[in-house]
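Heads up, the thing below is written out as structure tokens.
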Amino acid sequence: MADKRWDELRRLLQGMTANYTGRIEYGNLRLEVYDGGADSELGGRIAVAYETPGGSTNQFGVGFEHGVFGVLDASAETELRFEQPQEVAEHLHELVRGIPEARRQRLQEDIDQMLREGYSRAEVLDDLNRLLRMGTEFRGGSLTVEELTTACRYLAARTEAEGD
Numbered sequence: 156m157a158d159k160r161w162d163e164l165r166r167l168l169q170g171m172t173a174n175y176t177g178r179i180e181y182g183n184l185r186l187e188v189y190d191g192g193a194d195s196e197l198g199g200r201i202a203v204a205y206e207t208p209g210g211s212t213n214q215f216g217v218g219f220e221h222g223v224f225g226v227l228d229a230s231a232e233t234e235l236r237f238e239q240p241q242e243v244a245e246h247l248h249e250l251v252r253g254i255p256e257a258r259r260q261r262l263q264e265d266i267d268q269m270l271r272e273g274y275s276r277a278e279v280l281d282d283l284n285r286l287l288r289m290g291t292e293f294r295g296g297s298l299t300v301e302e303l304t305t306a307c308r309y310l311a312a313r314t315e316a317e318g319d
């Protein structure tokens, strides 16, 4: 692509994500870039992709068309428009910093769902341990020891409250 701002955004995002890339607590974060070819009318797209525990892939996407960057807000409902790469990078950095919390929330939702479906405490623990072991096969969908510990505490609090 011919626009220097696109190249600057790529550089900024590569620098911004360097400390998070590949880390389990950030869902094996990675950048996926589509330049749109030589024709700037096709625009470009960058996805900051990551997984939640269990393997669901999520992403924050940036589009670049007609000289404007488009990014969804944190709720993924409203498209934000930016003209400067630094603004885009700052917005995405804020979203990336929220990934560990999003992973924790997703894990708690999964635990709640399993309990609603009648899984025993032991069965939920088995599933959590399976997620921990996934790290050798499917890095971003697995858990860190810290995430496992937090999930086990959450499970204990939930099952004690329900008398399981």
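Heads up, the sequence shown is in the working numbering, so the first residue is 156 and it goes up one at a time. Note that CB positions come from ideal geometry on N, CA and C, so glycine has one too.
CA-to-CA, the gap between Met269 and Glu278 works out to about 9 angstroms. For the pair Pro255 and Gly218, the Cα-to-Cα distance works out to about 24 angstroms.
Approximately 5 angstroms separates the beta-carbon atoms of Ala306 and Leu262; this is inside 8 angstroms, confirming the contact. Ranked by Cα distance from Arg288, the options His246, Glu220 and Gly209 are led by Gly209.
If you draw a 10 Å sphere on the C-beta of Tyr175, you find 16 or more other C-beta atoms in it, and that means buried.
Bounds of the alpha helix (DSSP H) holding Asn284 are Arg276 to Arg288. Comparing alpha-carbon positions, the option among Gly216, Leu186, Glu220 and Tyr205 lying closest to Arg294 turns out to be Tyr205. Restricting attention to beta strand (DSSP E) runs no shorter than 3 residues, the segment 160 to 202 encloses them at 185 to 189, ordered along the chain. In the structure shown, the three-state DSSP call for Gln263 is helix.
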